[in-house]
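Protein sequence lines, in the order shown, are assigned to chains A and B. Going by this note's numbering, the final residue of the first sequence carries number 448, and the count climbs one at a time with no gaps. Going by this note's numbering, the final residue of the second sequence carries number 1057, and the count climbs one at a time with no gaps. Even glycine gets a Cβ: it sits at the ideal position worked out from N, Cα and C. First comes the structure, then the notes that go with it.
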Amino acid sequence: MPTLPWPETADAAAAAFFAAASAAFAAARNRHATEALWLRIAGHGVCLLFSGRRIAEAIAPAFAHLQCAPLQAADLTIALWDSVSTGVALPPVSWRLDDLDRVGRVRPLCGARFTTVHEPETGQFWTLDRQTRTAVAWMNDPDAVPLWDCIHPLRRLLHTWARGFGADLVHAGAVGIDGDGVLVVGPGGTGKSTTVLAAMQAGLSAVGDDYVLVDGGSSPGSLPSAHALYNTMRLHQTHLDRFPGLMAHRDHVFREPWSGRDKVTSYMSRHLPNRLTPGLRLVGIVVPHVVEGASSAAVGGSAALRNSPAVCESAAVSESPARALLALAPSSLLQIDPTDDAMFLRLAQLCRVLPCWRLPLGSDPTRVGGALIGLIKAGLNPNRAD
Amino acid sequence: MPDGNVFFVRPDDIVHDTIEGETVVIDLRSGIYFRFEGAATHAWAALVRRATEAELIDQVAAAFVAPRETIEAAVHDFLIALYRDGVIRRGDALGAAPHGGTAPHGGTAPHGGTAPDGGAVPDRATVAQGVTVPDGAGAAGTWPEPATPEAPAETPGASFTGLKLERFGQLRPLLGESDRLPFDGMVVSRFEDLDELLTIDPVHEVGGEGWPHRQAAD
């Protein structure tokens, strides 16, 4: 289903709704003090305007590492308010069931200029005006927003905006040193976070743990880069125990009902602020791979990892671009936008242009950092046998 | 004998690409994804352009060295594996997709052949993590019901409008015997664990009390 262009009538309806949403935010702003949080995302100035403290407390920590001084103008302004704090409701909006696509886009309110999305899983609603580079986002009750959305907020909105400058929000981590780094890919539970934390322990910098923006690399001569979005890290407590002194403070704990094991969420900016970097040039893609049960753990090896915390056991080996794509694309597409066919091709191109490695993980976390540094050097000089 | 039905890639919500001879296919509707290479990649390239089973067999046989019956069985199982998950559809020569069609051949597909290098040809398209496409699929004269609803019949002459196929060059023209590659089966690695992989991620975890709840910081 194409999203662009839509008939002009769609933009007219979308413009009317955007104006109503903006007026509602203004009304909320009149009732409650507004907090502004200025961010640098992929070199772009982004201003988050919160009406109500609770919504700021829910969303702002994830972006703390990107905070910057107020700028003269913003490349994107997102105005956010909630009804519980401000008493201001979302403007009336109605649609037929078949007006919504699978990612919640409200088709009659989407066009070349506007995108309007209802996210039923979080109860949030947002509308983006590309022309004025402004978005208005609403939620009813910040305390009712799922934890998983608080720690990675506004994903689809930011992805939609980032497409405007050629970037994709992907489900991956990124770590590196001296401005060069690798994308760490794999679905949840395959060792991504453990690899990122082990890298940080070894002195490497992290762009992100779960989601980063990736741009470039789609045309000859352009270098792909990873840009930071969230400073959140999530890890099983048993895995975190292998990194004593690191991420000692747990910001959120979630107990898996099926395993009884705790999974920890922490904001890296609070615990490892000096190990965060806003961006890295990408020189390769790393697919963590659990040694135990290795034959089934290359892709979809979550069961093996859950039972055997990951650490580097042996040297990395080349991985085929297709297998790297297999580790990167399905979870990225299905979590961010399963209707974005072209995103798959962009991710495939990324896997084509970058060397890909499989990083075996075993029982010694101190070896991961060294292995990653070796891979980054190899990526910088592909002809050198490292 | 294979009939004249044309097989083609489902025109919606299927993304795919082939890199260095390995093909990745994702069904964005079901979340199931696939990887294959070799003769399977060769056949996939033909499927993207639409092909009958006989045409696929001819094309694989022209590019790979194996007894004809071995290739016939492998191609058939390859089609079954993709058809069952709704990744490909079949229709008449104009592309109209019948429901509940009849197998291209009436009997059980021959399988279990031996490759020229002595290696066993898989009986069925096998999948990753020990899962195997069940026996009986495509045998006994009946095609399995695809996992996803049939798309509306396409208009005659309509072409696949999804992602572009790269590396058409992998479709080898008729080659001399010495140019053909060893045939090592048409194994399809199939992954349907994405729901699990998303679920174990706390971003997606839902406890008995509803969405994950916050606990006080230490």
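Please determine, among the options, the residue with the shortest C-alpha to C-alpha distance to residue i.
| i | options | result |
| --- | --- | --- |
| Arg-429(A) | Val-108(A), Arg-304(A) and Ala-74(A) | Arg-304(A) |
| Arg-332(A) | Lys-325(A), Leu-308(A), Val-348(A) and Val-352(A) | Leu-308(A) |
| Ala-197(A) | Phe-112(A), Val-349(A), Leu-302(A) and Met-262(A) | Phe-112(A) |
| Cys-212(A) | Gly-238(A), Arg-218(A) and Pro-204(A) | Pro-204(A) |
| Thr-96(A) | Ala-104(A), Cys-109(A) and Arg-102(A) | Cys-109(A) |
| Gly-265(A) | Ala-88(A), Ala-74(A), Ser-84(A) and Leu-434(A) | Leu-434(A) |
| Ala-905(B) | Arg-1029(B), Phe-1030(B) and Asp-1023(B) | Asp-1023(B) |
| Ile-858(B) | Gln-411(A), Ser-328(A) and Phe-80(A) | Gln-411(A) |
| Asp-163(A) | Glu-181(A), Leu-152(A) and Leu-142(A) | Glu-181(A) |
| Gly-346(A) | Arg-225(A), Val-247(A), Gly-253(A) and Gly-149(A) | Val-247(A) |
| Arg-218(A) | Ser-394(A), Gly-270(A) and Leu-342(A) | Ser-394(A) |
| Val-348(A) | Thr-339(A), Gly-341(A), Val-150(A) and Val-379(A) | Val-379(A) |
| Cys-413(A) | Leu-437(A), Asp-426(A), Pro-383(A) and Gln-397(A) | Pro-383(A) |
| Gln-129(A) | Trp-157(A), Arg-102(A) and Ala-174(A) | Arg-102(A) |
| Leu-152(A) | Ser-84(A), Thr-139(A), His-298(A) and Gly-241(A) | Ser-84(A) |
| Ala-131(A) | Leu-99(A), Val-155(A), Asp-144(A) and Asp-161(A) | Leu-99(A) |
| His-127(A) | Arg-337(A), Leu-388(A) and Gly-436(A) | Arg-337(A) |
| Trp-188(A) | Thr-139(A), Trp-210(A) and Leu-344(A) | Thr-139(A) |
Using DSSP's beta-bridge definition, name the partner residues of residue i.
| i | result |
| --- | --- |
| Ala-890(B) | Phe-846(B) |
| Tyr-292(A) | DSSP, once it has assigned bridges, lists no residue as partnering Tyr-292(A). |
| Cys-57(A) | No answer is possible for residue 57(A): the residues shown for chain A start at 63 and end at 448. |
| Phe-187(A) | His-180(A) and Trp-200(A) |
| Trp-883(B) | Answer is none; Trp-883(B) lacks a bridge partner. |
| Ser-287(A) | Asp-277(A) and Arg-343(A) |
| Pro-422(A) | His-351(A) |
| His-221(A) | DSSP lists no partner for His-221(A). |
What residue does the beta strand (DSSP E) around residue i start on, and which one ends it?
| i | result |
| --- | --- |
| His-180(A) | 176-181 |
| Met-1025(B) | Per DSSP, Met-1025(B) belongs to no beta strand (DSSP E) and is neither H nor E. |
| Tyr-329(A) | 324-329 |
| Tyr-273(A) | 273-277 |
| Ser-382(A) | Element bounds for Ser-382(A): n/a, residue is neither H nor E. |
| Ile-103(A) | 96-103 |
| Asp-916(B) | Element bounds for Asp-916(B): not the beta strand (DSSP E) but the alpha helix (DSSP H), 907-923. |
| Thr-231(A) | Going by the sequence as given, residue 231(A) is Leu instead of Thr. Run containing Leu-231(A): 229-239, per the beta strand (DSSP E) assignment. |
Is the shortest distance between the beta-carbon of residue i and the beta-carbons of chain B less than 9 Å?
| i | result |
| --- | --- |
| Arg-414(A) | yes |
| Leu-403(A) | Per the sequence shown, residue 403(A) should be read as Asp rather than Leu. So yes, Asp-403(A) belongs to the interface. |
| Arg-385(A) | yes |
| Phe-406(A) | yes |
| Ser-382(A) | yes |
| Leu-159(A) | no |
| Pro-392(A) | yes |
| Leu-442(A) | no |
| Leu-396(A) | yes |
| Leu-423(A) | no |
| His-221(A) | no |
| Leu-216(A) | no |
| Ala-126(A) | no |
| Leu-142(A) | no |
| Gly-362(A) | For Gly-362(A), the pLDDT reaches just 28, beneath the cut-off of 50, and the residue's location in the model is therefore unreliable, although a value from the coordinates is still provided. Yes, because at least one Cβ of chain B sits closer than 9 Å to the Cβ of Gly-362(A). |
| Pro-286(A) | no |
Checking contacts by CB at 9 Å: is residue i closer than that to chain A?
| i | result |
| --- | --- |
| Arg-929(B) | no |
| Phe-903(B) | no |
| Phe-1030(B) | yes |
| Asp-1018(B) | no |
| Val-848(B) | no |
| Gly-925(B) | no |
| Asp-852(B) | yes |
| Thr-842(B) | As written in the sequence, residue 842(B) is Asp, which differs from the Thr given in the question. So no, Asp-842(B) is outside the interface. |
| Gly-870(B) | yes |
| Thr-862(B) | yes |
| Arg-874(B) | yes |
| Leu-918(B) | no |
| Leu-867(B) | yes |
| Asp-856(B) | yes |
| Glu-859(B) | yes |
Starting from residue i, trace the alpha helix (DSSP H) in both directions and tell me its first and last residue.
| i | result |
| --- | --- |
| Phe-406(A) | 403-415 |
| Trp-157(A) | Premise fails: Trp-157(A) is in no alpha helix (DSSP H) and is neither H nor E. |
| Arg-929(B) | Here Arg-929(B) belongs to no alpha helix (DSSP H); instead the beta strand (DSSP E) covers 927-930. |
| Gly-432(A) | 428-442 |
| Ala-206(A) | Where Ala-206(A) is concerned, there is no enclosing alpha helix (DSSP H), given that its DSSP letter is neither H nor E. |
| Arg-1019(B) | No alpha helix (DSSP H) contains Arg-1019(B), which DSSP labels as neither H nor E. |
| Thr-857(B) | It is not in any alpha helix (DSSP H) - Thr-857(B) instead sits in the beta strand (DSSP E) that spans 853-858. |
| Val-146(A) | 145-148 |
| Thr-194(A) | Run containing Thr-194(A): none; DSSP gives neither H nor E here. |
Give, in chain order, every unbroken run of the beta strand (DSSP E) that is at least 3 residues long and sits entirely within the segment 247-271 of chain A.
267-270
Within the segment 75-140 of chain A, ranges of the beta strand (DSSP E) (whole runs, at least 3 residues)
96-103 and 106-113
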